[in-house]
Structures are given as structure tokens and as C-alpha cells.
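Here the structure comes first, spelled out in C-alpha cells, and everything after it is commentary.
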Amino acid sequence: MDERVDGRRSDTRERIRAVAMELFSERGYEKTSLREIAERLGVTKAALYYHFRTKEDIVVSLSEDLRRGIDEIVEWAESAPEGKERAREIVVRYGGLLHSVGKGMIRFWAENQPAFRDLGFGTGLRYQFRVLADLMVAPDTAPVAVFHARQALLAISWSLTMMNDLELSDEESYEAAGRIAMDIVERIRA
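Here the numbering used here is used: the first residue of the sequence shown is -9, the next is one more, and so on.
Here it is in C-alpha cells:
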């Protein structure tokens, strides 16, 4: 297949996902229809169906991207030496992932809790989150160290969901959350 066609298809999928997430945030998942997503995009419903048959398919695609990204961080971390440097790098990689691929999914989760729960994405993501936190601390570490590792990751996650009312750009929020997360990492005792 021609790379230009493949690239346009990918761009269209990204636009659909972005618009869907905007509408899910504005109106809620349950109150948003595929027709509304198509209208906002300026395409026919048939054109939208070519890429995604259901709203759930859109959310699943975002969830899969986020899970795949976390799996890549886990794979890297499992081969890296234990210690604070690995913990710091996990925070950096996790922050980069959430503020790119995961932004829509994290906001969807925060703003559409019932749909997120009904779609069943939470269990797998919670497990991956815990694996990342565990990789930030040495094996057999005190629970308070694991607590700090989880809090460092949550600082990144919350910067996408709990700070929307502040007059901060995504970049400013990301940078501030990264600094807070690194401060927390420094509290981890191996």
C-alpha cells in the first residue's frame, strides 16, 4: 500500500479519536453518538465506520495504545539496573506516554467513570500501574516506598485530570507534575 494513503488513514484515525475524546469530555460517553462525532469531523457516518464501528472501538484503540506503551516501559525497566535512576526514568517515560498517547484515555477515565468501569479497562491498567510502581523500588521494599512510587506516578496522571480548572497549558502542567514526581522519587528508600 502507498505510504501516503496509509499515513492519511492513520491521521484520520487520530482525528477521529481526538474529536471523540473532546465530545466524551463535553457531553459524556453515554450522551455522545457516532453521528455527532462524524458531524464534528465533517465526514459521513459511513466514513467514520470505515475506521471505527462503535464508540467502544474508539476507546479500545486508545486503551490498547496506552497499554502497549506501558508494556514497553515495563520491558525496558525489567532490563535496567535497580535503583533511583531506573525509578526516575520510569517517571520520565510514563509522563511522556501519558502526555502524548495516554492523555485522551486518562481524561476519559476521569470524566466518564461509569463507562470506563462498564467497558472494563480499569483492571488491566491498574495492574500495569502497580507493576510500574513496583519496578521503581527494590524487591522486598517497605510499603511506604511503594506508596511513594505510586504517588510519583499519580502526580503525572493527576496533572491530566485534576488540574483542568487551572490556567496552565498542558506543557506547564506536565513540567510541574514531573518536578513533583521527581521530588517524590527522592523519598523512596531502597
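Backbone N, C-alpha and C fix where the C-beta goes; we use that ideal spot for every residue, glycine too.
| query | result |
| --- | --- |
| Whole-angstrom Cβ separation of V175 and V81, contact assumed at under 8 Å? | 6 Å |
| Can you list, in chain order, the residues of its chain with a C-beta nearer than 7 Å to that of A105? Leave out the 5 residues immediately preceding and following it. | Y19 and E20 |
| How many Å lie between S15 and E101 at the Cα? | 6 Å |
| Count the other C-beta atoms from every protein chain shown that fall within 10 angstroms of the C-beta of A37, then say buried if there are 16 or more, exposed otherwise. | exposed |
| Quick check on A70: does DSSP put it in helix, strand or coil? | coil |
| Suppose the cutoff is 6 Å on Cβ atoms and the five residues either side in sequence are ignored; what does the same chain contact list for A70 look like? | R76 |
| Suppose the cutoff is 6 Å on Cβ atoms and the five residues either side in sequence are ignored; what does the same chain contact list for A142 look like? | V81, A171, I174 and V175 |
| Restricting to runs no shorter than 3 residues, where is the beta strand (DSSP E) found entirely within the stretch 11 to 71? | none |
| Could you round the C-beta distance between I63 and Y39 to whole angstroms and report it? I think they count as a contact, below 8 Å. | About 34 Å; that fails the 8 Å criterion. |
| In this structure, how does DSSP classify P129 when only helix, strand and coil are distinguished? | coil |
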